[in-house]
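**Student:** For the working numbering, count along the sequence shown from 1 and bump the result up by 13.
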Amino acid sequence: MKVVNKFCGGAVEILHEAIKWLLLGGVIGLVGGVIGALFHHEISLASALRTAHPWLLYTLPLLGCVIVALYQWGNMLPDRGTNRILDSVMNNEPIPKRICGLMFVCTALTQLGGGSAGREGAALQIGGSVGSFFSHRLGKRWLPRRSQRIGIMCGMTAVFSGLFGTPLTAVFFVLEVCEIGAMPQLAVIPCMIAAFVASYASLLVGGSATRITMVAMEPLTALLMLKAVVLGIGCGLVAMLFCEANHGAGKVYAKYIKNPYIRVVTGGCAVILLTWLVGATTYNGAGMELVSLAEHGGASWYSFLLKILFTAVTLGAGFKGGEIVPCFAVGALFGGAFAPLLGVEPALGAAVGMAAVFCGSTNCLVASLVLGLEVCGGSAYLPVFAAACAVSQFVSGPCSLYASQKRVHPRLDLAKPEGEQA
14 MKVVNKFCGG AVEILHEAIK WLLLGGVIGL VGGVIGALFH HEISLASALR
64 TAHPWLLYTL PLLGCVIVAL YQWGNMLPDR GTNRILDSVM NNEPIPKRIC
114 GLMFVCTALT QLGGGSAGRE GAALQIGGSV GSFFSHRLGK RWLPRRSQRI
164 GIMCGMTAVF SGLFGTPLTA VFFVLEVCEI GAMPQLAVIP CMIAAFVASY
214 ASLLVGGSAT RITMVAMEPL TALLMLKAVV LGIGCGLVAM LFCEANHGAG
264 KVYAKYIKNP YIRVVTGGCA VILLTWLVGA TTYNGAGMEL VSLAEHGGAS
314 WYSFLLKILF TAVTLGAGFK GGEIVPCFAV GALFGGAFAP LLGVEPALGA
364 AVGMAAVFCG STNCLVASLV LGLEVCGGSA YLPVFAAACA VSQFVSGPCS
414 LYASQKRVHP RLDLAKPEGE QA
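#1: Whose C-alpha, out of A330, A345, L328, L286, is nearest the C-alpha of Y315?
#2: For the alpha helix (DSSP H) containing A258, list its first residue and its last residue.
#3: Report buried or exposed for T294, applying the criterion of at least 16 other Cβ atoms within 10 angstroms of its Cβ.
#4: Go to N96, then tell me how far its alpha helix (DSSP H) extends in each direction, as first and last residue.
#5: Q124 lies in the alpha helix (DSSP H); which residues open and close that run?
#6: Within 10 angstroms of the Cβ of S417, are there 16 or more other Cβ atoms? Answer buried if so, exposed if not.
#7: Please report the straight-line C-alpha distance between G281 and T324, rounded to a whole angstrom.
#8: Check each candidate in I32, L69, A364 and name the one with the smallest Cα separation from A307.
#9: Whose C-beta lies closer than 7 Å to the C-beta of C78 among residues of the same chain, with five residues either side of it excluded?
#10: Is the beta carbon of G220 sitting closer than 8 Å to the one on A50?
#11: Tell me the residue span of the alpha helix (DSSP H) that contains E189.
#12: Taking Y394 as part of the alpha helix (DSSP H), name the residues at either end of that continuous run.
#13: According to DSSP, is A435 helix, strand or coil?
#14: Is F147 closer than 8 Å to G164 when the C-beta atoms are compared?
#15: For A225, does the three-state DSSP call read helix, strand or coil?
#16: Do A267 and V326 have their C-beta atoms within less than 8 Å of each other?
#17: Do E55 and A4 come within 8 Å of each other at the CB atom, strictly closer than that value?
#18: Taking Cβ to Cβ, would you say R132 is nearer than 8 Å to A342?
#19: Please classify T64 as buried or exposed, where buried requires at least 16 neighbouring CB atoms within 10 angstroms.
#20: Mind checking whether S381 and C402 have CB atoms under 8 Å apart?
#21: Within the continuous alpha helix (DSSP H) that includes M166, where are the two ends?
#22: Three-state secondary structure (DSSP) at K320?
#23: Output the boundary residues of the alpha helix (DSSP H) element that contains P273.
Shown next as C-alpha cells:
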C-alpha cells in the first residue's frame with residue numbers, strides 16, 4: 014500500500030508540474046509569438062520606408078539622439094543590452110518591463126535610419142522582459158524562486174521563435190547561450206512549449222518563417238568533409254574578428270566620447286560616410302538580403318569585412334538592435350565568397366558559413382546545427398555543418414558576442430597529468 018501511495022503521490026506531483034508549465038509556457042508562447050510577429054511587421058515597415066525614401070539615412074544621427082533620450086528617460090543608461098538579460102537568467106533577477114517597449118521602438122528607429130543592426134538580439138531582450146513579467150510578477154506565488162528564471166528563458170525563446178520562425182533553433186540557442194557546456198534540463202519542456210506555441214501564434218497573425226533554399230546539391234564525400242574543416246577554420250577566424258570588432262568599437266566610443274548624445278551622432282555620421290564611400294545601401298539594415306546575395310554567388314571577397322565594419326560602428330555608438338542577423342550575413346558572405354575557392358558551390362558555402370560563424374560567435378553548437386536544419390534544410394549535409402561548426406567554435410576560442418556568457422568547463426585541458434611534477 015505504501016508503494017502505491019508513493020507512486021500515486023509522485024504521479025500527482027509530476028502531473029501538477031506538467032500542467033503548471035504547460036499553462037505558463039503556453040501563455041508566454043502565445044504572448045511572445047504575437048509580439049514577435051508585430052515586431053517583424055514593424056521592422057519590415059521601417060526597412061521598406063528606408064528603401065522607398067533614401068533620404069531617411071540622413072536622419073540617423075537625429076534618430077540616435079531620440080534613442081538616447083528614451084533610454085535616459087527610462088533610466089536604462091548605461092545599457093548592457095543582451096548581457097543584462099543573460100545576467101538576469103543566471104542570477105534569477107527580474108527584468109524591467111520597460112525594456113520591452115524601449116527595444117520595440119528603438120530597434121525600429123535604428124532600422125528606419127539605416128543602422129546596421131539585427132533584430133534577434135532585440136527579440137531576446139523583449140522576450141526576457143515578457144517572460145520575467147509572467148514568472149517574477151504573476152507567477153511568484155506558485156513558482157519556486159529557483160524556477161522563476163525559466164519564465165525568462167521561455168519569453169526569450171517565444172519572441173525569438175515568433176520573429177524568426179525557427180522554434181527549435183530558438184529553444185537550443187536560449188538553453189545554450191547563458192552557460193557554455195551546461196543545458197538546464199528543467200527548462201527544456203517549458204521552452205519547447207513556448208517556442209512552438211509562439212511559432213504558430215506568429216503565423217496566425219501574419220508572421221513569417223525565415224528559410225533559405227540550397228539549390229545546389231553535392232555528393233557527401235570525404236573530400237567535402239575536409240573542405241568543411243578548412244571552411245570552419247576560416248569561419249572561426251571571422252567569428253573572432255566579428256566579436257572583437259563589436260566589443261572594440263564600443264570601448265573606443267566610450268573612451269574618447271563620454272557624452273552619449275555626441276557618441277550616437279558620431280556613429281550615425283560614420284554610417285552615412287561609410288554608405289557614401291561604398292556608394293550603395295547594401296550594408297545598411299539587418300542584412301538578411303545579404304544572405305540571399307551570398308547564396309547566389311554575389312558576394313565579393315571583402316563583403317563580409319564591410320558588414321562587420323558597418324555593424325560595429327552602428328552598435329558601438331549606442332544604436333539598438335542585435336548582432337545575430339548581422340552575424341548570419343557576415344558568415345554567409347564569407348562562406349559564399351570563399352567556398353568556391355575550395356570547389357564548393359556558393360549556396361552550400363553560404364549556408365555552412367552562416368551556421369559556423371554563428372557558432373564561433375555564440376559558442377552554441379547544437380543551436381547552430383539546428384539552424385542549418387531549420388533555416389537551410391541541410392539535413393543531407395548535417396555532417397558538413399557539424400564539422401564546420403565544431404572547428405569554428407574551437408578556433409574562435411574564448412571569443413563571444415556576449416561578455417556575460419559563462420563557460421562551465423575549460424576549453425582546453427592544460428593541467429598536468431596526475432602524479433606529474435610541474
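A virtual CB, placed ideally from N, CA and C, is assigned to each residue, including glycine. In this text, all values refer to a predicted model and were calculated from it rather than measured experimentally.
**Tutor:** Once the coordinates are examined:
#1: Position 302 of the sequence shown holds residue 315. Nearest C-alpha to Y315: A345.
#2: Translated into positions along the sequence shown, residue 258 becomes position 245. A258 -> alpha helix (DSSP H) spans 235-269.
#3: The residue labelled residue 294 in the question sits at position 281 within the sequence shown. It counts as exposed.
#4: As a first step, residue 96 is located in the sequence shown; it is residue number 83 there, counting from the start. Segment 95-104, the alpha helix (DSSP H) holding N96.
#5: As a position in the sequence shown, residue 124 is number 111, starting the count at 1. Residues 111-126.
#6: Taking the sequence shown and counting its residues from 1, one reaches residue 417 at position 404. S417 comes out buried.
#7: By 1-based counting over the sequence shown, the position of residue 281 is 268. By 1-based counting over the sequence shown, the position of residue 324 is 311. Those two C-alpha atoms are separated by around 12 Å.
#8: As a working mapping, residue 307 is identified with position 294 in the sequence shown. Taking only the C-alpha atoms, the option nearest A307 is A364.
#9: By 1-based counting over the sequence shown, the position of residue 78 is 65. Within the same chain, C78 has close Cβ partners Y274, V277, V278.
#10: On the sequence shown, position 207 is the one that residue 220 refers to. On the sequence shown, position 37 is the one that residue 50 refers to. Cβ atoms of G220 and A50: closer than 8 Å.
#11: One-based indexing of the sequence shown puts residue 189 at position 176. Following the DSSP letters along the chain, one finds E189 inside the alpha helix (DSSP H) bounded by residues 180-190.
#12: If you number the sequence shown from 1, residue 394 lands on position 381. Neither: Y394 is in no alpha helix (DSSP H) and is coded neither H nor E.
#13: Working through the sequence shown from its first residue, we reach residue 435 at position 422. Annotation note: pLDDT 45 at A435 (below 50); position unreliable, coordinate value reported separately. If DSSP states are grouped into helix, strand and coil, A435 belongs with coil.
#14: Your numbering for residue 164 matches position 151 in the sequence shown. Your numbering for residue 147 matches position 134 in the sequence shown. In contact: G164 and F147 (Cβ atoms closer than 8 Å).
#15: Here residue 225 corresponds to residue number 212 of the sequence shown, with the count starting at 1. Rather than Ala, the amino acid found at residue 225 in this sequence is Ile. Residue state, collapsed to three classes: coil.
#16: As a position in the sequence shown, residue 267 is number 254, starting the count at 1. As a position in the sequence shown, residue 326 is number 313, starting the count at 1. The criterion of a C-beta distance shorter than 8 Å is not satisfied by A267 and V326.
#17: Because the chain in this structure spans residues 14 to 435, residue 4 falls outside the shown range and cannot be described.
#18: The residue you call residue 132 lines up with position 119 of the sequence shown. The residue you call residue 342 lines up with position 329 of the sequence shown. Cβ distance not < 8 Å, so R132 and A342 don't count as in contact.
#19: To locate residue 64, count along the sequence shown from 1; it is residue 51. Exposed.
#20: Here residue 381 is taken as the residue at index 368 of the sequence shown, counted from 1. Here residue 402 is taken as the residue at index 389 of the sequence shown, counted from 1. Yes.
#21: Within the sequence shown, residue 166 is the residue found at index 153, counting from 1. M166 -> alpha helix (DSSP H) spans 161-177.
#22: Reading the sequence shown from its first residue, position 307 is the one you call residue 320. Looking at K320 - three-state DSSP - the assignment turns out to be helix.
#23: Here residue 273 refers to the residue found at position 260 of the sequence shown. From DSSP, the alpha helix (DSSP H) with P273 extends over 273-291.
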